[in-house]
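Engineer:
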Amino acid sequence: MIAGNGLVGWQMLQSTLDTQRKAFVSSAEISRESAYFRETIGSVASAEELVDDRRLLSVALSAFGMDDEIDSKYLIRRIIEEGIEDDDALANKLSDSRYSALAEAFDFEVVTTYKTQQEGFADPILAAYEEKQRADLAATLEAPEYVNDPEYAALFEAQVEENLEISRAYFEEKIPDITSAEDLLADPELMQVVLTAFDIQDRRNSHTVLRRVLEEGTSGPSALANVLGDENLMALAEAFGFDQVESKTVLQTEAFTENIVEQYRWQRFEDAVGEVDEAIGRALQFQRSVPELSANDISDNAKWYNVLGSRMMREVFETALNLPDGFSQIDLDKQVEMLTEKAESRFGIQSFSDLQDEAVLNKVIHGYLLQEQIAQTSGFGSQQIALTLLSTIRYNRE
Numbered sequence: 001m002i003a004g005n006g007l008v009g010w011q012m013l014q015s016t017l018d019t020q021r022k023a024f025v026s027s028a029e030i031s032r033e034s035a036y037f038r039e040t041i042g043s044v045a046s047a048e049e050l051v052d053d054r055r056l057l058s059v060a061l062s063a064f065g066m067d068d069e070i071d072s073k074y075l076i077r078r079i080i081e082e083g084i085e086d087d088d089a090l091a092n093k094l095s096d097s098r099y100s101a102l103a104e105a106f107d108f109e110v111v112t113t114y115k116t117q118q119e120g121f122a123d124p125i126l127a128a129y130e131e132k133q134r135a136d137l138a139a140t141l142e143a144p145e146y147v148n149d150p151e152y153a154a155l156f157e158a159q160v161e162e163n164l165e166i167s168r169a170y171f172e173e174k175i176p177d178i179t180s181a182e183d184l185l186a187d188p189e190l191m192q193v194v195l196t197a198f199d200i201q202d203r204r205n206s207h208t209v210l211r212r213v214l215e216e217g218t219s220g221p222s223a224l225a226n227v228l229g230d231e232n233l234m235a236l237a238e239a240f241g242f243d244q245v246e247s248k249t250v251l252q253t254e255a256f257t258e259n260i261v262e263q264y265r266w267q268r269f270e271d272a273v274g275e276v277d278e279a280i281g282r283a284l285q286f287q288r289s290v291p292e293l294s295a296n297d298i299s300d301n302a303k304w305y306n307v308l309g310s311r312m313m314r315e316v317f318e319t320a321l322n323l324p325d326g327f328s329q330i331d332l333d334k335q336v337e338m339l340t341e342k343a344e345s346r347f348g349i350q351s352f353s354d355l356q357d358e359a360v361l362n363k364v365i366h367g368y369l370l371q372e373q374i375a376q377t378s379g380f381g382s383q384q385i386a387l388t389l390l391s392t393i394r395y396n397r398e
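The C-terminal residue of the sequence shown carries number 398 in UniProt numbering, and the numbering is unbroken.
#1: Measure the alpha-carbon distance for SER294 versus PHE269 and round it to whole angstroms.
#2: Do the stretch 149-162 and the stretch 187-202 meet, that is, are 3 or more Cβ pairs less than 8 Å apart?
#3: With 16 as the cutoff for other CB atoms within 10 Å, does LYS303 come out buried or exposed?
#4: Is the beta carbon of LEU57 closer than 9 Å to that of ILE84?
#5: Measuring alpha carbon to alpha carbon, tell me which of ALA91, ARG21, ASP277 ends up nearest ILE80.
#6: Given 8 Å as the limit, tell me if VAL213 has its C-beta closer than that to any heavy atom belonging to the ligand FAD.
#7: On a Cα-Cα basis, can you pick out the residue from GLN117, GLU49, GLU104, VAL59 that is closest to VAL245?
#8: Could you check where the alpha helix (DSSP H) with VAL245 kicks off and where it finishes?
#9: Determine the closest residue to GLU33 out of ASP333, GLU262, GLY367, with distance taken between C-alpha atoms.
#10: Let's test the definition: count the other Cβ atoms within 10 Å of the Cβ of ALA47 and tell me whether it reaches 16, buried, or not, exposed.
#11: According to DSSP, which residues form a beta bridge with THR113?
#12: For the putative contact between residue 408 and PHE64, defined by C-beta atoms under 8 Å, what is the C-beta separation to the nearest angstrom?
#13: How is the alpha helix (DSSP H) around MET313 delimited, first residue to last?
#14: Would SER97 and SER310 qualify as a contact pair, given that the criterion is a beta-carbon distance under 9 Å?
#15: Mapping DSSP to helix, strand and coil, what is VAL25?
#16: Nearest to ILE260 by CA position, among ARG38, VAL25, LYS73, SER180, is which residue?
#17: For ASP68, which option in TYR99, SER43, VAL44, GLY6 has the closest C-alpha, if you only look at C-alpha atoms?
#18: Report all residues from its chain with a CB closer than 7 Å to the CB of GLU288; omit the five preceding and five following residues, and keep chain order.
#19: Between the alpha carbons of GLY381 and GLN373, how many angstroms are there, rounded?
#20: Beta-carbon within less than 8 Å of LEU321's beta-carbon, same chain only, minus the 5 sequence neighbours each way: which residues are those?
#21: Using a Cβ-Cβ cut-off of 6 Å (strictly less than) and excluding sequence neighbours within five positions of LEU284, which residues of its own chain qualify?
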């Protein structure tokens, strides 16, 4: 898996990373446990049920690098049940940020989702609305009073386009808040767009009909849209789908499942690398985790506190910056101050977002591995150390 240690081993791993990881995640154990998690996690409704299924819990904990907590069922259950919203929640009191990450991910609160809140819901409706409005505009501009007065026609067209922009902005902002037929019917501006888009302007004053159409959907033969046989009303009912509202936990979503499985696969691969070379395994975790933290919308200070709350990230930064052994014992705010100052002077990191730059990230990783290599060779003679470092430099140049 790794031919060599230190920077040489790291560079060789990077050149074969995709191939090695693909082979690793295709192994029988990883494939089997990933499949079990996918098939089973959606049926778990509480932290108690999760910790009672050792296979599920193993995948969940492995995804967060917490394999060693597999027998701490009471602790894990409490961490998840208390969540992170309350300042007094146990996860918030622990210095290890993995606990809060686990608690945040495994949220068993039931959430009701509506079609109006789905990404891209507004797009086809607005497209149909704007197409019809522009068709009406084109027809209007063919009238003699506009043809004979181009300046007035241009002003009129510009006003219509401005109105379309205003309607689009309003619709996109307000439609996610619409969770019932009554909500929609109570907003004249939204209804103007909807009636035009579905070509049902003649139903403008038929609130009872529209409400029933929206509420009953099209799934049953007795649904009003089906009884009336109006294709436009059917399209309206299907688009909004108020009869198909889903209530579920985040654990029942495909996005959650795939995210945990992907984290599990990465973590197990990183652990396997770490069993061969602990420093390179830690560097691999760092390479994956830091850009994710960097892309987070929390403040720079909060990101550095997250670093200090992660044993892996703390270890890499402290080693790369050659910080003293007693660094972790000083005041936490002072640690952040020293860390940011050292990171800027050593690696040019002025903002944590700089670590999204691969070149900057590699500087930190290489600094860490170099310091680790020096520490490992501390018992060697000076000539052997020089030869080791020269081979590293030579490999990097090649």
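We treat Cβ as the ideally placed atom computed from N, Cα and C, and that holds for glycine.
Structural biologist: If we stick to the structure as given:
#1: Using only the alpha carbons, I get a separation of about 22 Å.
#2: no
#3: buried
#4: Their beta carbons are not under 9 Å apart, which means ILE84 does not touch LEU57 by this criterion.
#5: Of the candidates ALA91, ARG21, ASP277, the residue whose Cα lies closest to the Cα of ILE80 is ALA91.
#6: Among the components modelled here there is no ligand, and therefore nothing to report on the ligand FAD.
#7: GLN117
#8: Taken as a continuous stretch (DSSP letters only), VAL245 belongs to no alpha helix (DSSP H), as it is neither H nor E.
#9: Closest option to GLU33, Cα to Cα, is GLU262.
#10: buried
#11: GLU246
#12: Lying before the first or after the last residue shown, residue 408 is absent from the chain, which here runs from 1 to 398.
#13: Following the DSSP letters along the chain, one finds MET313 inside the alpha helix (DSSP H) bounded by residues 311-320.
#14: yes
#15: helix
#16: ARG38
#17: Closest in C-alpha terms to ASP68, from the list TYR99, SER43, VAL44, GLY6, comes TYR99.
#18: A quick correction: the sequence has Arg, not Glu, at residue 288. Contacts found: TRP266.
#19: Low confidence applies to GLY381: its pLDDT is 49, below 50, so where it sits in the model is not reliable, and the reading given next is rough at best. If you take the alpha carbons of GLY381 and GLN373, they lie about 14 Å apart.
#20: Result list for LEU321: LEU339, LYS342, ALA343, ARG346, GLY367, in chain order.
#21: GLU270, VAL273
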